[in-house]
Amino acid sequence: GRILNAQPPAPPKYTLVAWRTLAHAAFEEKDFAMAEKAYRETLARLPTKDKTREETRELLAVAIYRQAEVSQQQGNLAQAVSHFRRVLVDAPGTSTSANALFDAASVLITMENWQEAALTLEGFRKTFPRHALQPQVAKSLAVVYMESGQKQQAAMAFERIANDASFDQVTRRDAGAEAAALYAATGETTKAITAYKNLIQQYPQLFDETMEWRQQIVDIADGRGDQRTANDWRRQ
Numbered sequence: 023g024r025i026l027n028a029q030p031p032a033p034p035k036y037t038l039v040a041w042r043t044l045a046h047a048a049f050e051e052k053d054f055a056m057a058e059k060a061y062r063e064t065l066a067r068l069p070t071k072d073k074t075r076e077e078t079r080e081l082l083a084v085a086i087y088r089q090a091e092v093s094q095q096q097g098n099l100a101q102a103v104s105h106f107r108r109v110l111v112d113a114p115g116t117s118t119s120a121n122a123l124f125d126a127a128s129v130l131i132t133m134e135n136w137q138e139a140a141l142t143l144e145g146f147r148k149t150f151p152r153h154a155l156q157p158q159v160a161k162s163l164a165v166v167y168m169e170s171g172q173k174q175q176a177a178m179a180f181e182r183i184a185n186d187a188s189f190d191q192v193t194r195r196d197a198g199a200e201a202a203a204l205y206a207a208t209g210e211t212t213k214a215i216t217a218y219k220n221l222i223q224q225y226p227q228l229f230d231e232t233m234e235w236r237q238q239i240v241d242i243a244d245g246r247g248d249q250r251t252a253n254d255w256r257r258q
């Protein structure tokens with residue numbers, strides 16, 4: 023404290039050490055807001071090519087993330103979302119940023135703020151395409167779109183799950199059937215028929231299900247006056 027408040031100001035190298043020391047101490051004491059401030063002050067004083075910059079940015083990200091966790095534990099969910107999002111704004115590219123965005127979406131789902139949750143999950147899907155949380159994001163997106171009544175988007179989300187080899191076969195099959203039904207319900211008849219055809223092709227061993235899917239194709243084709251397709255599938 024004496025170095026930071028010294029008059030005249032202490033030499034820059036001493037000020038840098040003092041801010042870094044304060045940051046670590048505040049973090050240890052779980053004063054994450056002070057830790058954030060001190061890590062910011064440290065970064066502001068570090069030379070651009072200093073080898074500790076990246077580590078300090080990571081620590082800044084964690085200090086912000088911890089504030090989000092505290093807000094969440096205290097039931098202040100809107101503030102938690104705000105802190106989680108700040109990780110991506112103030113410490114982009116850090117190892118904490120993907121988890122922070124996912125956790126922001128999870129809190130928004132808890133709040134039943136479906137629109138913001140969907141936007142946040144779509145942001146994750148595009149920003150971190152190879153992240154290990156992508157399967158969970160896909161599932162969450164499907165649920166969020168269903169809850170908000172956005173059936174076409176839900177169908178697309180379920181279709182992504184159906185085509186994702188990281189899911190087990192039952193999950194993929196159920197998602198494919200859900201996508202097909204949603205496409206049919208929203209008048210996307212061509213997509214619905216394609217989805218049912220894919221299911222029949224992928225799961226020929228499921229006799230009862232394939233009979234049902236064939237009938238769905240017949241009904242959809244009949245409904246749009248496509249007698250040729252309907253008759254083709256009646257004969258199969």
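Okay, so the sequence shown: first residue is 23 according to our numbering, each after it adds one.
Where a beta carbon is used, it is the ideal one built from N, C-alpha and C, also for glycine.
Cβ-heavy atom distance, residue i to the ligand MN, below 8 Å
i	result
GLU50	Of the ligands one can find in the structure shown there are none, so the ligand MN has no counterpart to examine.
Helix, strand or coil at residue i according to DSSP, with G and I counted as helix
i	result
LEU228	coil
TRP255	helix
LYS59	helix
THR116	coil
ALA47	helix
LEU68	coil
THR78	helix
SER188	coil
LYS219	helix
GLN88	One detail in the question is off: residue 88 reads as Arg in this sequence, not Gln. Note: ARG88 maps to helix in three-state DSSP.
GLY245	helix
LYS213	helix
GLN238	helix
GLN101	helix
GLN95	helix
ARG107	helix
ARG152	coil
ALA28	Low confidence applies here, because ALA28 scores a pLDDT of 48, under 50, leaving its location unreliable; read the following figure in that light. Looking at ALA28 - three-state DSSP - the assignment turns out to be coil, as it is neither helix nor strand.
Same chain only: Cβ atoms within 7 Å of residue i, ignoring 5 sequence neighbours per side
i	result
ASP190	none
LYS213	TYR205
VAL84	THR118
Span of the alpha helix (DSSP H), counted from its first residue to its last, around residue i
i	result
ASN121	119 to 132
PRO157	156 to 169
LEU195	In the sequence as displayed, the identity of residue 195 is Arg instead of Leu. Per DSSP, ARG195 belongs to the alpha helix (DSSP H) from 191 to 207.
PHE180	173 to 184
GLY145	136 to 149
Sequence-distant residues of the same chain with beta carbon closer than 6 Å to residue i, five excluded per side
i	result
VAL159	LEU143, PHE146 and ARG147
GLN174	THR208
ALA127	ALA139, THR142 and LEU143
GLU80	THR116
THR211	ILE242 and ARG246
Buried versus exposed, by CB contacts within 10 Å (16 or more), residue i
i	result
PHE229	exposed
THR116	buried
GLN96	exposed
ARG257	exposed
VAL240	buried
Neighbourhood of residue i by C-beta, 8 Å cutoff - its chain only, sequence neighbours within 5 removed
i	result
THR161	For the record, residue 161 in the displayed sequence is Lys; it is not Thr. ILE183, listed in sequence order.
ALA28	Here ALA28 scores only 48 on pLDDT, less than 50, and its place in the model should not be relied on; the value that follows carries that caveat. Answer for ALA28: no residue qualifies.
SER170	TRP136, GLN137 and ALA140
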